[in-house]
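Residues in the sequence shown are numbered consecutively from 228, following this note's numbering. We treat Cβ as the ideally placed atom computed from N, Cα and C, and that holds for glycine. Have a look at the structure below before the remarks.
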Amino acid sequence: MDKKENFVKRCVGLPGEKLELRDRSLYINDKRVEDPEDAMWSYDVRFNLTQTDNERYRTEVMRLLAKFDIAPGNVQPVHHYTNQANINLALTNAQYEKLKQSSLVEFIAPCIDSLVSEQTNLDIFPNSPLAPFSSWSRDNFGPLVIPARGMRITLTPENVALYQRAIEVYEGNSWEESGGKILINGKEATEYTFKQDYYWMMGDNRHRSLDARYWGFVPFDHIVGKPVFTWLSKNQQAHNNSSSVRWNRMFRFVK
Numbered sequence: 228m229d230k231k232e233n234f235v236k237r238c239v240g241l242p243g244e245k246l247e248l249r250d251r252s253l254y255i256n257d258k259r260v261e262d263p264e265d266a267m268w269s270y271d272v273r274f275n276l277t278q279t280d281n282e283r284y285r286t287e288v289m290r291l292l293a294k295f296d297i298a299p300g301n302v303q304p305v306h307h308y309t310n311q312a313n314i315n316l317a318l319t320n321a322q323y324e325k326l327k328q329s330s331l332v333e334f335i336a337p338c339i340d341s342l343v344s345e346q347t348n349l350d351i352f353p354n355s356p357l358a359p360f361s362s363w364s365r366d367n368f369g370p371l372v373i374p375a376r377g378m379r380i381t382l383t384p385e386n387v388a389l390y391q392r393a394i395e396v397y398e399g400n401s402w403e404e405s406g407g408k409i410l411i412n413g414k415e416a417t418e419y420t421f422k423q424d425y426y427w428m429m430g431d432n433r434h435r436s437l438d439a440r441y442w443g444f445v446p447f448d449h450i451v452g453k454p455v456f457t458w459l460s461k462n463q464q465a466h467n468n469s470s471s472v473r474w475n476r477m478f479r480f481v482k
């Protein structure tokens, strides 16, 4: 690898498994997987607060968010301002349930990336403008099969976008397409057998995480270990000049 950078992500898909996201819910081998306890998603929110005084409005909002332990880093303005929402929050299910009961919340709704067949989303793996990939999103993704060591696939125009990078970059083969044919290491190939296992990694902050939905498959030789203990946890910035250290999350084993 030319660049090595460590990421901490949750392994949600194992070699050989079929993976799919349907309206943000994860399915493995067509069975729904329970969400992690602290998984987060984005919500559009409008507060029942006057905006005549911007500083007072900001103070009231930040006080409310601090009450529900919502970190400033999980707050974003809604750039396409509407009458319904003026702020976007990344919330756990527990935070969402508490926040929607607040009298200061006028409107709150989950953000789900919808499927639009004509839309091309080149940021989403496998970064292809072709159908069906052009309609994949963070919340509606797949299905795809994660490669496993010894798994043999037939190479087709439909799956080349999914597996080319793994075959060429992670398994060290040359790849060429000429005259409608695929050449691997200079020889015509209609199928391929994978040399190592691959995994699917996702962040628990599902709408604000750079993970396998953007990178694709993670090969076994890129996995360097797993976190077991949190010795320091900090917000990106403090609440109202208070300490940015999250003491309630420190010195705990990682679930």
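Contact between E324 and L382 does not hold, since the beta-carbon distance rounds to 47 Å and is not under 8 Å. A residue is called buried when at least 16 other Cβ atoms come within 10 angstroms of its Cβ; G369 meets this threshold and is buried. Between the alpha carbons of V372 and T286 lies a gap of roughly 48 Å. Taking the Cα positions, R435 is about 11 Å away from N315. As the crow flies, the alpha-carbon of A266 is around 24 Å from that of P446. R435 carries a coil assignment under DSSP once its states are collapsed to helix, strand and coil. Taking each of F360, Y397, R433 and N367 in turn and checking the Cα distance to A375, the smallest one comes out for Y397.
If the five residues before and after P359 are omitted, its C-beta is found closer than 6 Å to no C-beta atom of its own chain.
N475 has no beta-bridge partner at all, per DSSP.
Taking the Cβ atoms as the reference, R440 lies roughly 6 Å from F352, within the contact range of under 8 Å. Annotated three-state conformation of Q303 is strand, per DSSP.
Here V396 carries a helix assignment [DSSP, helix/strand/coil].
With respect to Y425, P263 sits apart: the two C-beta atoms are not nearer than 8 Å. Per the DSSP secondary-structure output, E247 pairs in a beta bridge with Y254. A distance of 8 Å or more separates the beta carbons of N275 and V235.
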